[in-house]
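Working notes, structure below.
There are 2 protein chains.
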Amino acid sequence: MAQIRDVSKRAGVSPATVSRAFSDPGKLSKDTLQRVLKAAEELNYKPNSLAQVFRVKRTNSVLVLVPDVANVLFARIVSGIERIAVENNYYLLVSDTKDDPEIERAGLEMVETHRADGVIQLGERRLTDLAPDLEAGRIPFVQAVETVHPMHYPTVQINNFSAAEAMATYLLALGHRKIGVLAGLKDRHVTAERLRGFRSALKSFDVPFNEGLVEYGPYSMAGGAQSALRLLSRNRDLTALFTMSDEIAIGAIRTAQDLGMSLPDDLSVTGFDNIDFGKYCTPPLTTVMQPAERIGEVAMTLMSNLLRGEITGDAQQTLSTELVIRSSARRLT
Amino acid sequence: MAQIRDVSKRAGVSPATVSRAFSDPGKLSKDTLQRVLKAAEELNYKPNSLAQVFRVKRTNSVLVLVPDVANVLFARIVSGIERIAVENNYYLLVSDTKDDPEIERAGLEMVETHRADGVIQLGERRLTDLAPDLEAGRIPFVQAVETVHPMHYPTVQINNFSAAEAMATYLLALGHRKIGVLAGLKDRHVTAERLRGFRSALKSFDVPFNEGLVEYGPYSMAGGAQSALRLLSRNRDLTALFTMSDEIAIGAIRTAQDLGMSLPDDLSVTGFDNIDFGKYCTPPLTTVMQPAERIGEVAMTLMSNLLRGEITGDAQQTLSTELVIRSSARRLT
DNA sequence: TATTCCAATACAAACGGTTTCATTGCAAGC
DNA sequence: GCTTGCAATGAAACCGTTTGTATTGGAATA
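Set out below in C-alpha cells:
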C-alpha cells in the first residue's frame, strides 16, 4: 500500500504538503495541490487511518452499549444513532451488554484506552455506578431510553409517567375498571415510572389500585405470555390488560387467545413502544408510540455535540409520545 | 493518563519490560513482573490501544455490513456474530448499508485504511462487484445469509432451494393446489432460489406453475400486506399463500383478515425465517426455521479463522433448516 | 578459574502520519 | 533599493507502543 512518502516523492513535495493537501487544501497553491492529488490518485493512496488516529488522538468512533441487540426497539434506536453517526463521520462500535455491568464497565474502558471517543448507553445503569471513582465528564457519555434522573450527563428519554398515565386514562375512559397490569422487570426505573403513571390515572378516576393485579416479568413476548397466564388464571373477571411493552402485550394476546378468549371482545389489551409488529397483530395493537429512531438520532446528536465541546454536560431531552389507537382495546359494553 | 514510560520509571525498568509484562509475562523474572504489575496498578495504567494497534497493525475489530440493522433477522445474526466476536476478543463495527453499493464499498475501504481487520457482509452483493479491481483474498471477507455462488471467499448460508421445496411440499401434501406466492424482491438471489424450490415441489406433485400467482415485493410486513392485497383481489380462489419471509407472511395475514377471511380456515399461510413473532401471531405461523444466531456465529468464526490464516479462503458452510409446523396452514377440506 | 551459555533486561528503531516552527521567495510599502 | 509581511513549503519532532538486537550478569561447564 502506498504511503504518504511515496506520494510526496512522486509529486516532488514534502510529506507535510501531502498531508495538508487532504486536511487543509486551501493552504496549498493551486498548482501543487493538483500535483499532489494526481500523484495520490495514481498511487491509489489511502492514508493509514490508524496512524492518523494515533497522532490526532481521536478515533471518530463511538461505542453503543445495547442491552440486547436482537430486540426490535433497541435495533431501531441503533438505526437512528447510525444515521446521525454517518452524517457526522463517526463509526459505530456496538456491544451487546446483556445488561451485564461487567461488560458495560469494559465498554467505558474503551474510551480510556482510546478505542472510542465516547459511549452511548441504552441500558439503565448509571455511569457513576459503573465507575464510581470516575467523576462525570471525564468520559463523553450519553444515556438514552432507559434513563434515571437526575443525571450529570446528557440523556434522551420519554416521559414514561405521563405516557403510561395517558394510556391508562384511555382505558378508564373506555369504561374499564378491572384492569390487570403486565409490568416489566420489577427493578427497572421505567417499570416504576410507568406503574406510577398507571396509578395516577386510576386515582383520577377514583379507582382503587390493587397490587394483586400487577404481574412483573421480562420485557419480552415469552415474559408477557407467562405473566398473562398467571394473572388471567387468578383473575377471570379482568376486562383489560395494561402492559408495559408491545412484546409483553403480544405475548399476553397469544395467551388470552389460547385460553379461549376472543379479543378485543372478551379482553382489551394495550401495549407500549409501538413496534412495527403491533400494527400487524391480530387484533392490531393499541399502544403508545415511543419515537425510537428519533431517540437514537437525538442521542447521537448529543454525543456529537459533546465531543465537539458544544454542550456543557447535562442536556436532558424529553421526547414526546403519542397514543396510537388501533383495535386491541375497545369500549366496555 | 499514565503511560508506559511512567510505569517503567516507577518500577525502575525500561518501557520494553513493561510492555512484555503484559504481552509475554513468562519472559520476565518473578520479581520484576511483580514490581511492574504493582506500579501499573498504582498508576492505573491502561495501555493506549491506539498506539498498540498502530504499531501492531491489527485493530482487532471487524466490520459488519448490515442491509438494515432494524430488521429482526439481521439483528439476530448480528447478535450471533457479537457473541463469537467477544469470545475471540474482537470489536464489532456496524454499518447500516441500506443495501447501497456505495456504502458497502466504503466499508471495504475501512480495511484498506486499517480501521477494520475484515468485513462480514450480510447483504447479497459480491465482493468482486464492489471492488472489481481487487482480487479476492486481499481483504478478509465473509458473506452470510444472502450469498451467491460460487464464491472465492468463505460463506455461511442455508439451502434456500431445498428449504422452500420442503415447505411447498408440506403445503401440497396438505392438499393445496391453488397456491399463491408472495415472493421477495425480484432481483434477489434468495428470492430466485426459493422460487425454484417452490416450483420443484409443484413439479413433484404434477401441479403446473402459474407465474400469474406470484407477486414480488420487499421483504417486509408492509410489502407482504400490499402484495397480498394485489394477489388476493385478483385471485379469490387461492387456498394457500407460500411467502418468502415471516414478515411478508404477517403482512399477508393482516390483509387477509382485513379482507374478512378467517385464518387458517379460509386461507393457509406459510412464512420463512422463524422470527420470534411468528410464534405469537394469530394464527401462529407455520414457517421454516433459519438458524439466524448460528449463522452469525459461524460467520464470525470463519472470519476469526480467516484472520488467523487458518482457512484458505473458500470455506462454504451450509446450515440446516427445519420446518416448524404451527397453525397458520392446515389441511384443505 | 576461564569460558560458554542463557535468562533477563535495556536500548533504540521503527510504525505513518500530523503539526510546529523555520525558511524561502516574492509582492507591497516606504 | 531596502525593509516588511505574507503565502507556500520543508524539516523535524512527536504521538505511545512493540520488538529486534545488544548487553549484562550469573550459572553451568570444562
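Residue numbers (our numbering), protein chains in the order written: chain B, 1 to 333; chain V, 334 to 666.
Don't be surprised by glycine CBs; every beta carbon is placed ideally from N, CA and C.
List, in chain order, every chain V residue whose beta-carbon is nearer than 8 Å to that of residue i.
i, result
"Gly251 (chain B)", "Tyr613"
"Lys46 (chain B)", "Glu442, Glu445 and Thr446"
"Arg76 (chain B)", "Ala403"
"Arg105 (chain B)", "Ordered by position in chain V, no residue passes the 8 Å Cβ test against Arg105 (chain B), which lies about 13 Å from the chain."
"Leu92 (chain B)", "Leu426, Val427 and Ser428"
"Phe141 (chain B)", "Per Cβ cutoff of 8 Å: no residues; Phe141 (chain B) is ~17 Å from chain V at best."
Have a look at the DSSP bridge pairing and note the partners of residue i.
i, result
"Glu630 (chain V)", "Glu630 (chain V) is not bridged to any residue."
"Ala225 (chain B)", "Ala225 (chain B) is not bridged to any residue."
"Glu215 (chain B)", "B:Leu182"
"Leu656 (chain V)", "V:Val621"
"Gln316 (chain B)", "B:Thr155"
"Asp273 (chain B)", "B:Met289"
"Asp96 (chain B)", "B:Val66"
How many angstroms separate the CA atom of residue i from the CA atom of residue j?
i, j, result
"Phe605 (chain V)", "Phe575 (chain V)", "9 Å"
"Ser382 (chain V)", "Pro616 (chain V)", "52 Å"
"Ala183 (chain B)", "Gln226 (chain B)", "12 Å"
"Leu259 (chain B)", "Asp266 (chain B)", "11 Å"
"Leu546 (chain V)", "Leu323 (chain B)", "39 Å"
"Ala354 (chain V)", "Lys360 (chain V)", "8 Å"
"Ile84 (chain B)", "Asp429 (chain V)", "12 Å"
"Gln649 (chain V)", "Pro487 (chain V)", "5 Å"
"Ser578 (chain V)", "Leu426 (chain V)", "27 Å"
"Glu247 (chain B)", "Met221 (chain B)", "5 Å"
"Tyr423 (chain V)", "His485 (chain V)", "24 Å"
"Ala499 (chain V)", "Leu285 (chain B)", "33 Å"
"Ser19 (chain B)", "Ala525 (chain V)", "49 Å"
"Val78 (chain B)", "Val64 (chain B)", "8 Å"
"Arg521 (chain V)", "Glu457 (chain V)", "8 Å"
"Val111 (chain B)", "Val523 (chain V)", "40 Å"
"Thr147 (chain B)", "Val481 (chain V)", "44 Å"
"Leu195 (chain B)", "Gln590 (chain V)", "34 Å"
"Pro291 (chain B)", "Phe74 (chain B)", "11 Å"
"Val62 (chain B)", "Arg567 (chain V)", "50 Å"
"Asp100 (chain B)", "Val419 (chain V)", "14 Å"
"Ile275 (chain B)", "Arg659 (chain V)", "23 Å"
Kindly give me the distance between the Cβ atoms of residue i and residue j, rounded to whole angstroms, as I take these residues to be in contact under 8 Å.
i, j, result
"Leu640 (chain V)", "Gly470 (chain V)", "In fact, because the Cβ distance is near 13 Å, the residues do not count as touching under 8 Å."
"Leu332 (chain B)", "Leu174 (chain B)", "6 Å"
"Ala632 (chain V)", "Ile414 (chain V)", "6 Å"
"Lys519 (chain V)", "Tyr552 (chain V)", "Their Cβ separation, rounded to whole angstroms, is 11 Å, which puts Lys519 (chain V) and Tyr552 (chain V) out of contact at 8 Å."
"Leu370 (chain V)", "Ala335 (chain V)", "About 14 Å; that fails the 8 Å criterion."
"Leu263 (chain B)", "Ile253 (chain B)", "6 Å"
"Val72 (chain B)", "Val489 (chain V)", "That belief does not hold up - the Cβ atoms of Val72 (chain B) and Val489 (chain V) are roughly 23 Å apart, past 8 Å."
"Ala513 (chain V)", "Gly556 (chain V)", "Checking the displayed sequence, the identity of residue 513 (chain V) turns out to be Gly instead of Ala. That pair is no contact at about 15 Å."
"Leu171 (chain B)", "Thr321 (chain B)", "Actually they are not in contact, since the Cβ atoms of Leu171 (chain B) and Thr321 (chain B) sit about 16 Å apart, beyond 8 Å."
"Ala249 (chain B)", "His176 (chain B)", "So it is not a contact: roughly 15 Å between Cβ atoms."
"Val621 (chain V)", "Ala496 (chain V)", "5 Å"
"Val399 (chain V)", "Ile628 (chain V)", "Actually they are not in contact, since the Cβ atoms of Val399 (chain V) and Ile628 (chain V) sit about 13 Å apart, beyond 8 Å."
"Arg10 (chain B)", "Ala51 (chain B)", "Actually they are not in contact, since the Cβ atoms of Arg10 (chain B) and Ala51 (chain B) sit about 19 Å apart, beyond 8 Å."
So with CB distances below 7 Å, who are the chain B contacts of residue i?
i, result
"Asp609 (chain V)", "Met221"
"Glu415 (chain V)", "Val69 and Asp96"
Given that residue i touches chain B, what residues does it touch there, using C-beta distances under 8 Å?
i, result
"Thr392 (chain V)", "Leu50"
"Gln590 (chain V)", "Thr282"
At 7 Å on the CB atoms, spell out the chain V contacts of residue i, in chain order.
i, result
"Ser79 (chain B)", "Val402, Ala403 and Asp429"
"Arg254 (chain B)", "Tyr613"
Please list, in chain order, the chain B residues whose beta carbon lies closer than 9 Å to that of residue i.
i, result
"Phe387 (chain V)", "Asn48, Leu50, Ala51, Val53, Phe54 and Arg55"
Does the beta-carbon of residue i, which I'm using as the reference point, lie nearer than 7 Å to any heavy atom of the ligand NAP?
i, result
"Arg663 (chain V)", "For the ligand NAP, the structure offers nothing, since it holds no ligand at all."
Let me know the alpha helix (DSSP H) ranges lying completely inside the stretch 565-604 of chain V, each 4 residues or longer, listed in chain order. 579-591
Entirely enclosed alpha helix (DSSP H) segments - the stretch 43-94 of chain B, minimum 4 residues: 49-56 and 72-87
Mind pulling the beta strand (DSSP E) runs of 3 or more residues that sit fully within the stretch 473-527 of chain V? 474-477, 488-491 and 512-515
In chain order, which beta strand (DSSP E) runs of at least 3 residues are fully inside the stretch 339-375 of chain V? none
Length at least 4, wholly inside the stretch 440-467 of chain V: the alpha helix (DSSP H) runs in chain order: 460-463
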